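Novice: Provided herewith is a single structure, encoded as structure tokens, for subsequent inquiry.
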Ligand SMILES: Cc1cc2nc3c(=O)[nH]c(=O)nc-3n(C[C@H](O)[C@H](O)[C@H](O)COP(=O)(O)OP(=O)(O)OC[C@H]3O[C@@H](n4cnc5c(N)ncnc54)[C@H](O)[C@@H]3O)c2cc1C
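Numbering (our numbering), first residue to last: -16 to 332.
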């Protein structure tokens, strides 16, 4: 593996930060171009949930991703001088007898017992929220303080490389020479999230645009340090405030807040609790998703040295740290990319 190569990374969300971090860790020089229009990583609630409740299955590769999240986000805590990685109990309110039975069936299976607490009598009769079917508590869940994380990530890259605040100008990029403006690079990694739609080399990828909205509510009555989950998540944010999310609207790049989004989330909040509340803020962003719900990682079939790291979907905060480490290792050592996430599963030419 060659050291001191110069990489250009485009996009400073969780994807671009994770890729830059691992390149720098491998003694490479990084220039990050970021246009400050973040649509996803700074809007996200940053929740890391090991279980897909709808199907009561484990999240993809959770046993590998979770331990590495701890290492990665704790590193940036030392930069931010602020807690970024916050373990939290998620309490799932069962939506039916069948869902409760699924949990009871799985809680003692070795594969799930790290994550599913055994349902206690107290969980079944938990009275601080509306839950006719009882509830169960998850272990191993956490959330990332997303805005301080992105700020810490960008400032760490600036200290150890170079950050340029601008919109990447494709007119000034030569993909044969890997030259941007006056500088020639050894590799260029595009991590633009849904901004990939404007990228002439990768725009044919089926990265879809899945809009999401959240609201922040203030409630003196709710009083929980657990995150509640049923139809929506309710995530405590301190001082009696809670993030509530998220909505899903497919195939739109519109990232504005809407009255419909707020109404939907308020209705879902009221399914969980009848605590009095007021909405104090609302957020919207667009997730980069793919048809098979897997990220998309690899080298352009025509232009050597042109890479993509995208498609993190709804779980970017859990997936990005380790996947970026693996990607950088494959890229620097000329190893094949994992077929499950490889770019070549899609036709882009
Ligand atoms: C409402 C909502 C809630 C979410 N909640 C969670 C959650 O709880 N947990 C979780 O894990 N995930 C969550 N997600 C998903 C998560 O946000 C994404 O998986 C992740 O942020 C994608 O990261 P990214 O870096 O690929 O994209 P982005 O965060 O969009 O970053 C791409 C960056 O590239 C920049 N860029 C694009 N084009 C250019 C250009 N031409 N020049 C320069 N810069 C450019 C953009 O400005 C942006 O900063 C949520 C998303 C939304 C919208």
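The beta carbon of each residue, even a glycine, is placed where N, CA and C say it ideally should be.
Note that the structure is a prediction, hence the values are computed from the model and not measured.
Measuring only the C-alpha atoms, how far is residue 57 from residue 157?
Specialist: 38 Å
Novice: Contact check, residue 125 vs residue 70 under 8 Å by CB: the rounded distance?
Specialist: 5 Å
Novice: By the three-class DSSP mapping on this structure, what secondary structure does residue 118 have?
Specialist: Residue state, collapsed to three classes: strand.
Novice: For residue 182, does the three-state DSSP call read helix, strand or coil?
Specialist: coil
Novice: For residue 178 and residue 236, what's the separation of their Cα atoms in angstroms?
Specialist: 9 Å
Novice: Mind the definition here: the segment 199 to 213 touches the segment 253 to 270 only if three or more C-beta pairs lie below 8 Å; say whether that holds.
Specialist: Cβ pair count under 8 Å is three or more, so yes.
Novice: In chain order, what residues of the same chain have a beta carbon less than 6 Å from the beta carbon of residue 107, not counting five sequence neighbours either side?
Specialist: 117
Novice: As a quick exercise: from 220, 198, 272, 133, pick the residue whose alpha carbon is nearest that of residue 243.
Specialist: Considering only alpha carbons, the answer is 198.
Novice: Would you call the CB atoms of residue 42 and residue 32 closer than 9 Å?
Specialist: yes
Novice: Does at least one heavy atom of ligand 1 sit under 8 Å from the Cβ of residue 213?
Specialist: no
Novice: Is the segment 60 to 75 touching the segment 165 to 175, taking contact as three or more C-beta pairs under 8 Å?
Specialist: no
Novice: Determine the direct distance from the alpha carbon of residue 176 to that of residue 293, and round the result to whole angstroms.
Specialist: 6 Å
Novice: Quick check on the burial criterion: 16 or more other C-beta atoms within 10 angstroms. Buried or exposed for residue 208?
Specialist: exposed
Novice: For residue 183, count neighbouring Cβ atoms within 10 angstroms of its own Cβ and tell me buried if that reaches 16, exposed if not.
Specialist: exposed
Novice: Mapping DSSP to helix, strand and coil, what is residue 4?
Specialist: Residue state, collapsed to three classes: helix.
Novice: Going by the C-beta, is residue 70 closer than 8 Å to any heavy atom of ligand 3?
Specialist: This structure does not include ligand 3; its bound ligands are ligand 1.
Novice: Where does residue 21 land, buried or exposed, given buried means 16+ other C-beta within 10 angstroms?
Specialist: buried
Novice: Which residue wins for smallest C-alpha separation from residue 228, given the options 30, 132, 274?
Specialist: 30
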